[in-house]
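Asker: My structure is below; once you've seen it, I'll send some questions.
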Amino acid sequence: MKVVVPRELAAGETRVAATPRTVKRMDRAGLAVHVESGAGAASGITDKEFSESGATIVEDRAALLSGSEIVLAVKPPDAATLEQIPSGAVLVATLDPLIEHELVKQLAGHGVSAFSLDMVPRIARAQSMDVLSSMSTLSGYQAVLLASMALPGIMPYLTTAAGTLHPSKVLVLGAGVAGLQAIATARRLGALVWGYDIRPAVKEQVESLGAEFLELIDMSADAEDAGGYAREQSQDQAARQQQAMTAHLAQMDAVITTALIPGRPAPILLTAEMVSAMKPGSVIVDLAAERGGNCELTRPGGSFTSDSGVTILGPLDLPCSVPAHASLMYANNVANFLLYVCRDGRIDVESDDEVVVGTLVTSGGRVVHDRIREVLGQTES
Ligand code: NAD
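Here the sequence shown is numbered in our numbering, starting from 153 and rising by one per residue.
Structure (structure tokens):
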């Protein structure tokens, strides 16, 4: 089977969907891997390394995609690239299909079998394929470094001959994969850390990392759905949470927000009024910026300093700022997925395997994923 890895074209995208190591694994599994020249450059991987690991390097994009049976990518293909992918080919990428409805329709219309790795079910056997977890790990880590660089001081407690420095106080809102990594990173940098989430299951995890869990409102098991994700709060719950949080905010030097609800805009956890209660010089890093942000003042992709002197950063695509590790993790996720779904040299798109059903978005010219069909209003037939 011809497996191709195009160079990512999206602005700012530094990752690549394969590494020399994953090429070797695919090669051993009998897949013929073709990599576009320069695909690994931004991640520090040369054509020579890909070639030595068994890949064929192709200069011309049209030639690369011609006859391709499996396309491995990070971002969805642009319209011109999609045109060059043969109808009936398999695409493995991060498609954000619950939000990107037009893209889903185009993929269906083109007849590709599109698997979206951000839809991998949260089950034990799929953990190694879970791109949301691997990329969130990097984002959580990077968010704390950003906060640290934007603060007017350093994070740890230091007693020096020139005076005592008190540790920074860091609050992490949303303690999923990114939030827990942010907590661990802030602890490693010597900060005093608090964590908060609406899912009660998280309290123990926050405490196990040496942070204190902030109990703001009564939490119930209902806050979590069957997939382990948070459910959207009622307006009343959100208002009570905001009110209870305001008193804590005034103590904090940095707040890292990571709260997301799958397929929904990010919940607002910090209103402009709450930000005005924070100390001048304090910093908010809003990792939910891609979904609009957890802070009302966030400018996705930019930074903003409020009248009261609080800096709000809304970074997008943080994993792209550490391309070597982001590509290593992403490519491993892709290879683990591909080698799981590709059996005896073919991918059975009709399979009732939970991983296939959970990730396959389009096939045979139609949208086949139940939840996405529902969102698109295609529930009958
Ligand atoms: P996510 O990125 O969807 O959300 C981040 C966090 O924000 C979550 O912990 C969520 O509860 C929290 N949140 C949402 N609304 C909030 C609000 N209003 N206030 C405060 N917090 C709010 O979540 P995620 O990091 O992808 O992880 C979700 C769950 O899935 C976690 O329990 C994680 O450990 C679990 N998980 C399981 C597997 C697996 O078993 N394979 C893999 C990855 C993650």
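In this text, a Cβ means the ideal position worked out from N, Cα and C, and glycines have one as well.
1) Which first and last residues belong to the alpha helix (DSSP H) in which residue 300 is found?
2) Per DSSP, what are the beta-bridge partners of residue 244 in this structure?
3) On the criterion of 16 or more Cβ atoms from any shown chain inside 10 Å, does residue 275 qualify as buried, or is it exposed?
4) Using C-beta distances below 7 angstroms, list every residue in its chain close to residue 234, excluding the 5 sequence neighbours before and after it, in chain order.
5) For residue 376, does the three-state DSSP call read helix, strand or coil?
6) Can residue 519 and residue 267 be called in contact, C-beta distance under 9 angstroms?
7) Could you say which of 221, 474 and 403 lies nearest to residue 194 if we only look at CA atoms?
8) Where does residue 335 fall in DSSP's three states?
9) Taking the alpha helix (DSSP H) that residue 491 falls in, what are its first and last residues?
10) Per the DSSP calculation, residue 315 is bridged to which residue(s)?
11) If distances are taken between C-alpha atoms only, which option among 365, 435 and 465 comes closest to residue 445?
12) Classify residue 188 as buried or exposed, calling it buried when 16 or more other Cβ atoms lie within 10 Å of its own Cβ.
13) When the Cα of residue 221 is compared with those of 230, 157 and 254, which residue comes out closest?
14) Taking Cβ positions, are residue 362 and residue 308 nearer each other than 9 angstroms?
15) Label residue 430 either buried or exposed according to how many other C-beta atoms from any shown protein chain fall within 10 Å of its C-beta, with 16 as the threshold for buried.
16) In the DSSP output, what is residue 154 paired with across the bridge?
17) Go to residue 354, then tell me how far its alpha helix (DSSP H) extends in each direction, as first and last residue.
Answerer: So, to answer that:
1) From DSSP, the alpha helix (DSSP H) with residue 300 extends over 283-302.
2) 224 and 267, per the DSSP bridge assignment.
3) exposed
4) Counting only Cβ-Cβ distances below 7 angstroms, and skipping sequence neighbours, we find 258 and 262.
5) strand
6) Result no, Cβ atoms of residue 519 and residue 267 do not sit closer than 9 angstroms.
7) 474
8) helix
9) 475-493
10) 312, per the DSSP bridge assignment.
11) 465
12) buried
13) Looking at 230, 157 and 254, the one whose alpha-carbon comes closest to that of residue 221 is 157.
14) no
15) Buried, by the Cβ-count rule.
16) 184
17) 354-360
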